[in-house]
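Residue numbers (the numbering used here): 898 to 1455.
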């Protein structure tokens, strides 16, 4: 079988009644250890921390060139020079934190044109604090009772269904009930005396002509005096602020993404009274926000980032991004069959210049996934996107975001990609081993999580050659599961989804007799070992169920 056909076969498997990509998970299970667990240096370095350019290597961590963007898992952004200096000087002195918060809030308002500003311990913490402010109205007795909302007059947060996302956990953590709506009529019916606020996750459906865009929600909310919180974490800061102009009450940003402030900071702008109550719910004040401490260094670093933002020539910055991508493009397109496409920055969310690099894997004998893995797992380490094959034309690709690249990175990246793609790669013959085991039946699965055990069950139907599917009983749910058998190796995948949360389960192991054991890959939640035993019921072959020929109900005399 040709590589292209194999990739098409492996790119999707049926789960939850549909097709879902498993390429990222296939990539992870092809490693001996998950990349996130191993990195380049599998053993921590011995010796003292070295303060200097090799600070990370001194403890066994290899830094990377960021061609992915402001993802938190790869440490977001690099702080601006102004931010680093502000943090350095702020760290040398003591101040009263309430006084500092008031002074910073006032200055943020002056810079941005908002009524007030506040620095939080990250954007998600800011969402929590604003929700608490809207639930309590600034009443400290209510504040200290959260998340127990017994006796509260405000207990509900309205959220458009399109706005459900992983980060609304910050809102649910307050104890508030989330009420989902899909239309303006739904919104009008949902608003009642218990409504504390409306939460919108910013994006095209929020700031364009969606059924529940900010501009459509705002008049309804204003009539009922309901505040609107907009989550714009990954967006660029607009001055004057677009979201506030469109009718938002508070807008929340990540400090460590586009603004390149402290990675652990967030920025809140908007209504002064609500932000005063928001600060009341934040550390150092006791209550549900005490666990989200924000220090003097983050306050001053965040302020410095906003000061720098309004002075930056953003057009010139984006031209520089394009020039880096053009340099890489010129280098790699010298290889026959390699093409590139540069996309200029657009919109406000994750705004960056981007470039895709594509080629025919049948010609160069290497896939985007393999290139991406080689760049990530060898020094100088490069993190980039892509690593997929287009089923329409069979071309494979990698992608580069210039947003977080540093001067000089373009030369390193160009050299590394050129070296890999121009190197002679032997054509790989993929041999699919015939199944050596039948995994049909019921399996009792014991999982060793980091600090506890889990008990799951697998109910697998009749194995059809390499293919198997069935039901996975996880901790709380029944999930569709499907996978493949090659030799004694079995790979199975299911997905858990609830409240916009998603957990992939990828079982990768071998079958010996009545035991199926190996590694369970959990996406961002890393991995665990598992051992599954064939249940006694699973030993018996599934027999057809006979239906009485008459097909009718039993007589009353039975």
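C-beta: ideal position from N, C-alpha, C; glycine also.
Bear in mind that the values here come from a model prediction, so they are computed numbers and not experimental data.
Going by alpha carbons, who is nearest to residue 1229 out of 1315, 1245, 1267 and 1307?
-> 1315
Counted within 10 angstroms of its Cβ, other Cβ atoms place residue 1213 as buried (16 or more) or exposed | exposed
Does the region 1039–1047 come within contact of the region 1200–1217, defined as at least 3 CB pairs closer than 8 Å?
-> no
In terms of residues, what are the limits of the alpha helix (DSSP H) holding residue 995?
-> 994–1009
According to DSSP, residues forming a beta bridge with residue 1418 = 1403 and 1424
In angstroms with no decimal places, state the Cα-to-Cα distance between residue 913 and residue 1369.
-> Any reading at residue 913 is ruled out, since the residue's pLDDT is 29, under 50, leaving its predicted position unreliable.
For residue 1053, count neighbouring C-beta atoms within 10 Å of its own C-beta (all shown protein chains included) and say buried if the count is 16 or more, exposed if not.
-> buried
Should residue 1123 and residue 1155 be called a contact, given that it needs their Cβ atoms to be closer than 8 Å?
-> no
Exposure label - residue 1460; buried when at least 16 CB within 10 Å = Because the chain is modelled from 898 through 1455, residue 1460 falls outside the range shown and cannot be assessed.
At least three beta-carbon pairs within less than 8 Å, the region 947–960 to the region 1285–1299 = no
Hey, would you say the C-beta of residue 1328 is under 7 Å away from at least one heavy atom of the ligand MG?
-> No copy of the ligand MG appears in this structure; indeed no ligand is present at all.
Give the secondary structure of residue 907 by DSSP, where H, G and I count as helix, E and B as strand, and everything else as coil.
-> Residue placement at residue 907 cannot be trusted, given a pLDDT of 31 that sits under 50; what the coordinates show is reported in the next sentence. It is helical.
State yes or no: is the C-beta of residue 1093 within less than 8 Å of the C-beta of residue 1031?
-> yes
Which runs of the alpha helix (DSSP H) spanning at least 4 residues fall entirely within the region 1320–1390, listed in chain order?
-> none
CB of residue 1219 within 8 Å of CB of residue 1241, strictly | yes
The region 1110–1128 in contact with the region 1139–1150 per 3-pair CB rule at 8 Å | yes
From the DSSP output, which residues share a beta bridge with residue 1053?
-> 1074 and 1092
Using a threshold of 8 Å, state whether the C-beta atoms of residue 1130 and residue 1151 are closer than that.
-> yes
In terms of DSSP beta bridges, what is residue 1246 paired with?
-> 1132
Length of the line joining the Cα atoms of residue 1394 and residue 1378 = 13 Å
By a C-beta neighbour count over all protein chains shown, 10 Å radius and 16 as the cutoff for buried, is residue 995 buried or exposed?
-> exposed
Can you give me the Cβ contacts of residue 1189 inside the same chain, cut-off strictly under 8 Å, excluding the 5 residues immediately before and after it?
-> 1017, 1018, 1019, 1022, 1025, 1026, 1179 and 1180
Taking residue 1349 as the reference, give the member of 1372, 1355 and 1234 with the closest Cα.
-> 1372
For residue 1260, which residues of its own chain have a beta-carbon under 7 Å away from its beta-carbon, when the five flanking residues on both sides are left out?
-> 1234
DSSP three-state call for residue 1299: helix, strand or coil?
-> coil
In angstroms, rounded to a whole number, what distance separates the CA positions of residue 1304 and residue 1360?
-> 54 Å
Using DSSP with H/G/I as helix, E/B as strand and the rest coil, what is residue 935?
-> With a pLDDT of only 42 at residue 935, under the threshold of 50, the placement of this residue in the model should not be trusted; the figure read from the coordinates follows. Note: residue 935 maps to helix in three-state DSSP.
Is residue 1275 helix, strand or coil by DSSP?
-> coil
In or out: residue 1409 buried (at least 16 other Cβ within 10 Å) or exposed?
-> exposed
Buried or exposed for residue 951, please, with buried defined as at least 16 other CB atoms from any protein chain shown within 10 angstroms of its CB.
-> exposed
Identify the continuous beta strand (DSSP E) that holds residue 1147 and give its terminal residues.
-> 1147–1151
Kindly provide the ranges of any beta strand (DSSP E) runs that are 3 or more residues long and lie completely inside the region 1155–1233, ordered along the chain.
-> 1163–1167
Would you check if the region 1317–1335 and the region 1295–1304 touch, i.e. whether three or more CB-CB distances between them fall below 8 Å?
-> no
For residue 1430, does the three-state DSSP call read helix, strand or coil?
-> strand
Reducing DSSP to helix, strand and coil, say where residue 925 ends up.
-> Its pLDDT being 42, under 50, residue 925 is placed unreliably by the model, and nothing is read from it.
Can you grab the Cα-Cα spacing for the pair residue 1067 / residue 1163, in whole Å?
-> 13 Å
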